Each structure stands twice: as C-alpha cells, then as structure tokens.
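Just so we're on the same page, this note's numbering is the position in the sequence shown counted from 1, plus 315.
Note that the Cβ used here is the ideal one computed from N, Cα and C, for glycine as well.
Keep in mind it's a predicted model, so treat the numbers as computed, not measured.
This report concerns only the one structure given below.
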Amino acid sequence: MNPLLGVLVAECETTSARVHAKLSNGYAWCFCDLCGKLTEYAVALEARKVFKKMSVRNDRPVPITEAMRAAAQRAADALVVRFEKALAGEYGPCEAARMVATCCNIRDMRGELLDVETFRDQVERKALTAAWALQGDVLGATLLPGQKEGEPKPSKFYCEDHNPSRSVEARRAYQRDRRLIAEYEDLMAMIWSQNASRLAAWDIEAHAYVRTEAYRLLHAMKSTKGIIAAELSRGVTNQSEIARKLGVSRQTISIAIKRHGLNAS
Numbered sequence: 316m317n318p319l320l321g322v323l324v325a326e327c328e329t330t331s332a333r334v335h336a337k338l339s340n341g342y343a344w345c346f347c348d349l350c351g352k353l354t355e356y357a358v359a360l361e362a363r364k365v366f367k368k369m370s371v372r373n374d375r376p377v378p379i380t381e382a383m384r385a386a387a388q389r390a391a392d393a394l395v396v397r398f399e400k401a402l403a404g405e406y407g408p409c410e411a412a413r414m415v416a417t418c419c420n421i422r423d424m425r426g427e428l429l430d431v432e433t434f435r436d437q438v439e440r441k442a443l444t445a446a447w448a449l450q451g452d453v454l455g456a457t458l459l460p461g462q463k464e465g466e467p468k469p470s471k472f473y474c475e476d477h478n479p480s481r482s483v484e485a486r487r488a489y490q491r492d493r494r495l496i497a498e499y500e501d502l503m504a505m506i507w508s509q510n511a512s513r514l515a516a517w518d519i520e521a522h523a524y525v526r527t528e529a530y531r532l533l534h535a536m537k538s539t540k541g542i543i544a545a546e547l548s549r550g551v552t553n554q555s556e557i558a559r560k561l562g563v564s565r566q567t568i569s570i571a572i573k574r575h576g577l578n579a580s
C-alpha cells in the first residue's frame, strides 16, 4: 500500500540471486550489510497493515477492533491450554516441540522453548495478527515513515544511514564503510570466537550485538591508529601488551595493524 497515493502497488518476487541469498539467511536477512541496524526493508515489513478492497482504485485501512482482540485472546488461550497439556506428555513426547515449531518464532524465543509464558506471548501476537488479517489483505508499506513519493523503495541490503540512494550523508557513510567490509567481517568473526561460550548462534539478539560491537570497534580503531603506531615505533611489538594499554583485545590490535598497514616487525 502506497500511503501517500492511497493505492495498491504490486509486491513481486525478485529474480536477483543476491536478494535471494540475503533473504534466505535466517539471521542476516534483516540486518544492514555494513552495520548492526535493521535494513529499510525489515523496518517496512514491521509497518504492514490490513486493507479492505472497496473498489478497483479504492481501499481503506482496517483498524484492530475489540472484537478482533477478543477472538485472538480466545484462540491464544486455547493454544496455551493445549501446550500445557503437551508439556505434561498428554499428547505424546513430540507435541510440545511441534507446537513451538509451528506457532512460535524460534529466534525471538531466545532458547526459552518450553516456557509457557514465552509461548503465550508468541501466540497472542500471532493470533491477533491472524484475526486482523481475516478482515482484508495484509499489505506492506512502499515508503518508510517521513519519506516522500518518488524516493527509492526500502533497501533489502542497507539501513537508512547506509543506503546510498537515500541521502548525501548516507552515500558518504556507504562509501566509507563499504571499503572496510573485510575488516568488519573479521571483527564479527573475532567477537563470535571470543564469546563462543556466552553467545548463542540461534539468538537473534546475539547477532545484533555482534554486528553492533564489530561496527563500534571498527570505528574505534580509527582513533587508536596513532597510539598503535607510536607504540610500534618505540619498539613495543607485543600486540597483547598494546591491547592491554588500550583496553581492547589482541585480535583487535592485529586487525588494526593489518588495516592501517602498520609495520609490526
């Protein structure tokens, strides 16, 4: 739905291999390629609404009513009761896991797969969306909040701050950070490795943390270049010693030396 024109716009599947690869990744699909923020596309998905077709060129938004909320609550309550019985083994050893896989977003549950309250929270939201969707068509937004007609559609690869088509500032940020993509990926791999016992690969919040922290370290290394160069010129070649002085990891120092082409010998 185009919110400015008030008309429907076709939402078509793309034939782009790059887009297919991005969207098929269960965790990376929603993150900007260059930082830890959500892509414009992921933000637009959250802005989906239900519209009722009145005529060929006339559609009206459908608000969520108390009747919808009541119907959704009844459906959610029934699912929770069944889930509690499934946990007790009343429907066999696999029913609880099947219900979680069917009714929940595993990434959002963050490992609390057998927690009744978490299950309730998941199914209540889904039940409300389902009750709302029965009243019309669920449609996505072609424009983000604050955008004007004619502006580029939401990017599947970049956030609003990195989409080169969005603004002059975003183009500069894109050009700056695009050159650092290899270092950014190295930092993410380093953070995953250092926190293997603490961060769960199935936790979407862990992925967000790793990307955000890697981006922070990437730009923090800019201000430490001079300090690292000074230490190396003084003959301090032990990267662990330099890391302790700066309060960062040895791997971060190694990446910074490689990135800036400093002589560590």
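Using 10 angstroms around the beta-carbon of residue i, count the other beta-carbons present and answer buried if the total reaches 16, otherwise exposed.
i: R375; result: exposed
i: N553; result: exposed
i: I506; result: buried
i: V525; result: buried
i: A359; result: buried
i: H335; result: exposed
i: A521; result: buried
i: N478; result: buried
i: T380; result: exposed
i: V431; result: exposed
i: V365; result: buried
i: T354; result: buried
i: S512; result: exposed
i: T417; result: exposed
i: A488; result: buried
i: L319; result: Bear in mind that the predicted position of L319 carries a pLDDT of just 42, short of 50, making it too unreliable to give a figure here.
Kindly list the residues whose CB is nearer than 7 Å to the CB of residue i, restricted to its own chain and excluding five residues on each side of it in sequence; keep chain order.
i: A401; result: E410, A411 and M414
i: M369; result: R375
i: R486; result: P479
i: R389; result: none
i: I543; result: I557, I568, A571, I572 and L577
i: D476; result: K352, A485 and A488
What residues in its chain sit with their C-beta under 6 Å from that of residue i, if we drop five residues either side in the sequence?
i: Q437; result: C419
i: E546; result: I557
i: P467; result: S480
i: A391; result: V438, E439 and A442
i: I568; result: Q554, I557 and A558
i: E405; result: none
So, under 8 Å CB-CB, residue i and residue j are touching, yes? Tell me the CB distance rounded to an integer number of Å.
i: A571; j: T539; result: 6 Å
i: A529; j: L561; result: Actually they do not touch by this definition, with Cβ atoms about 17 Å apart.
i: G451; j: K573; result: The pair is not a contact, with the Cβ atoms about 55 Å apart (cut-off 8 Å).
i: A362; j: C345; result: Contact doesn't hold; Cβ gap of about 14 Å is too wide.
i: V395; j: R333; result: Contact doesn't hold; Cβ gap of about 41 Å is too wide.
Using C-beta distances below 8 Å, list every residue in its chain close to residue i, excluding the 5 sequence neighbours before and after it, in chain order.
i: A523; result: F346 and G351
i: L338; result: W344 and K471
i: E399; result: V431
i: S564; result: M505, Q509 and A558
i: A403; result: none
Could one say the Cβ of residue i lies closer than 9 Å to chain D's Cβ atoms, at least one of them?
i: R481; result: Note that chain D does not occur in the displayed structure, where there is just one protein chain.
TODO: Report yes or no: do the region 470-479 and the region 527-538 share at least 3 C-beta pairs separated by less than 8 Å?
DONE: no
TODO: Decide if the region 439-448 is in contact with the region 376-388; the criterion is three or more beta carbon pairs, one per stretch, under 8 Å apart.
DONE: yes
TODO: Write down every uninterrupted run of the beta strand (DSSP E) in the region 339-407 whose length is 3 residues or greater and which is fully enclosed by it, in chain order.
DONE: 364-370 and 373-376
Task: Sufficient close CB pairs (3 or more, under 8 Å) joining the region 505-524 to the region 542-551 - done: no
Task: Sufficient close CB pairs (3 or more, under 8 Å) joining the region 492-505 to the region 343-355 - done: yes
- [ ] Ignoring anything shorter than 4 residues or poking outside the region 523-571, list the alpha helix (DSSP H) runs there in chain order.
- [x] 554-561
TODO: Starting from the N-terminal side, write out each stretch of the alpha helix (DSSP H) that is 4 residues or longer and does not extend beyond the region 461-523.
DONE: 483-493 and 496-509
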